[in-house]
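> Before we start, here is the structure in question, set down as structure tokens.
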Amino acid sequence: MSNSFKEIHPSFRLQGEHYTKEQLREVAYSLIKEGEDFEKSIGDFLIDWLNDADYLVVQTSGSTGKPKKIQLQKEYMKNSAVVTGEFFGLKPKDTALLCLPASYIAGKMMLVRSMVLGLHLDYINPTTEVSLKADSGYDFAAMVPLQVENSLSEIHKIKYLIVGGAAVSEELKVKIGLTGIPTQIYETYGMTETITHIAVKKIHPNDNIQENFKALKGVTFKQDERSCLIIEAQQVTDEPVLTNDVVNLVSEKEFNWLGRYDNVINSAGVKLFPEQIEAKLGKFLSQRFFVAGIPDQKLGHKLVLILEGEGQIVAVRDKIAKSPELDTYERPKDIYFVKTFMETTSGKIQRNKTMELLPI
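Mapping of the sequence shown onto the UniProt record's numbering: residues 1 to 360, in sequence order.
What follows is the structure in structure tokens.
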């Protein structure tokens with residue numbers, strides 16, 4: 001394995017400044033010692049990236065299970081950066097924005113892409129609402145759906161925006177479409193083990209959207225006996241990655257995501273995919289929510305709806321009854337409100353922990 005990841009592109013800039021490798025180490029130490037919390041994680045990552053090891057130890061998010069630490073080869077991280085750069089046509093001196101925590105893989109990879117491709121990277125505090133200077137503009141940025149939701153007035157300042165970390169709801173897609181902005185927005189599919197995204201789906205502008213996720217260069221797909229996705233991507237991982245994502249496999253380069261295998265609800269012998277039901281509910285529910293299954297003597301498991309905040313159960317039930325898209329089994333049997341959802345540090349809803357708050 002080569003060590004080309006050790007070279008920093010001469011066009012790379014951080015907050016407008018060019019640094020040699022040694023100077024960048026000093027910047028990292030300064031961020032760790034004197035920076036805000038989010039800057040300390042940037043400093044920590046830079047120290048790890050610039051050391052002599054050929055791998056990094058990173059932590060998964062914990063959105064679908066217990067967080068764990070895994071090793072990622074730096075050369076594979078570089079490969080991922082190159083593939084992303086080729087897909088979006090990024091070139092040296094293009095501008096990029098880091099508005100995600102560098103403590104997780106999505107934030108780390110914005111730094112890697114910038115150092116590898118020679119981008120001019122600015123970073124800001126990774127809050128749920130992204131606020132940019134009036135005269136600012138960026139060629140490339142990455143956000144989670146909640147940031148996009150809270151920053152619709154700002155994203156026109158970005159040329160290419162990738163959105164990941166959670167599925168983009170139908171409601172959010174509609175809101176983005178109503179803005180009429182020219183920003184090219186792609187929903188991404190990937191995970192820490194695949195060094196962020198390995199497939200993308202264009203969701204804006206409206207006249208050029210895609211229904212399925214399409215593989216990036218060097219990536220192919222298969223399915224196991226559960227209809228779950230198997231990822232083969234030798235440029236970023238030594239072994240095939242077995243997922244718990246149930247998909248409709250269109251080809252070895254394209255799939256339609258149906259939902260998580262571990263979220264599937266068997267109600268009276270009918271398999272229900274929460275993510276598909278949530279996409280339908282999202283067209284008329286304005287607050288955060290999710291659906292889940294709870295044990296039931298007659299049905300085995302019954303479908304329930306959990307909403308964040310406060311509201312009237314009767315009003316929600318009325319909206320559900322009027323929806324022409326929901327099948328009989330897709331209509332929640334019970335509805336609950338939870339004041340605040342449990343989340344991971346990266347803002348993903350922890351469904352199981354939130355369910356523990358229910359009065360059942």
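For each residue, glycine too, the CB sits at the ideal point set by N, CA and C. Keep in mind that this is a model prediction, so the values were computed, not measured.
Scan the UniProt domain "AMP-dependent synthetase/ligase" (56 to 204) and note each continuous alpha helix (DSSP H) run of 4 residues or more that stays entirely inside, going in chain order.
Runs found: 74 to 88, 105 to 117, 145 to 150 and 170 to 179.
> What does the alpha-carbon distance come out to for the pair M1 and L72?
Low per-residue confidence applies at M1: pLDDT is 46, beneath 50, and the placement is therefore not dependable enough to give any value.
> Terminal residues of the continuous alpha helix (DSSP H) containing D318?
Element bounds for D318: I313 to K322.
> Please report the residue range of the alpha helix (DSSP H) in which V27 lies.
Its alpha helix (DSSP H) spans residues K21 to E34.
> If you count every other CB in all the chains shown that lies within 10 Å of the CB of T64, and 16 or more means buried, which is it?
With a pLDDT of 47 at T64, under the threshold of 50, the modelled position of that residue is not reliable, and the figure given next carries that caveat. So T64 counts as buried.
> Do residue 380 and G107 have their CB atoms nearer than 7 Å?
Only positions 1 to 360 of the chain appear in the structure, and residue 380 is not among them; the question remains open.
> Go ahead and label H204 buried or exposed: buried means 16 or more other beta carbons lie within 10 angstroms of its beta carbon, across all protein chains shown.
Counting Cβ neighbours within 10 Å, H204 comes out buried, since at least 16 surround it.
> Thinking C-beta only, is V270 closer than 7 Å to I306?
The answer is no: Cβ separation not under 7 Å.
> Determine the extent of the beta strand (DSSP E) in which F289 is found, giving its start and end residues.
First-last of the beta strand (DSSP E) with F289: F289 to D296.
> From which residue to which residue does the beta strand (DSSP E) around S267 run?
Element bounds for S267: I265 to S267.
> Could you tell me the alpha carbon to alpha carbon distance between I155 and N206, rounded to whole angstroms?
Spanning the two alpha carbons is a distance of roughly 16 Å.
> Per DSSP, what kind of secondary structure is T344 in: helix, strand or coil?
Note: T344 maps to coil in three-state DSSP.
> With a threshold of 16 other CB atoms inside 10 Å of the CB of V314, please say whether the residue is buried or exposed.
The residue in question, V314, is exposed, as its Cβ has fewer than 16 Cβ neighbours within 10 Å.
> In three-state terms, what does DSSP make of I233?
Rather than Ile, the amino acid found at residue 233 in this sequence is Ala. A233: coil per DSSP, three-state reduction.
> Determine, using beta carbons only, whether G118 and S11 come nearer to each other than 7 Å.
Yes; because the gap between Cβ atoms is below 7 Å, this pair is in contact.
> What's the gap between the Cα of T84 and the Cα of F5?
Taking the straight line from one Cα to the other gives about 15 Å.
> Is the CB-CB distance between V144 and G282 below 7 Å?
In this structure, G282 does not lie closer than 7 Å to V144 by Cβ.
> Determine the direct distance from the alpha carbon of Y329 to that of K157, and round the result to whole angstroms.
K157 and Y329: Cα-Cα distance of roughly 43 Å.
> Rank W257, V246, K68 and K74 by C-alpha distance to the C-alpha of I8 and give the top, closest one.
Here the closest residue by C-alpha is K74.
> Counting C-beta neighbours from all protein chains within 10 Å, is the total for A215 16 or more, i.e. buried, or is it exposed?
Its Cβ being crowded by 16 or more others within 10 Å, A215 is buried.
> Measuring only the C-alpha atoms, how far is A279 from T20?
Each residue's alpha carbon lies about 47 Å from the other.
> Note down, in chain order, each residue of its chain lying with its Cβ closer than 8 Å to the Cβ of L47, except the 5 sequence neighbours on either side.
It is worth fixing the name first, because residue 47 is Ile in this sequence and not Leu. Closer than 8 Å at Cβ, skipping near neighbours: R25, A28, Y29 and I32.
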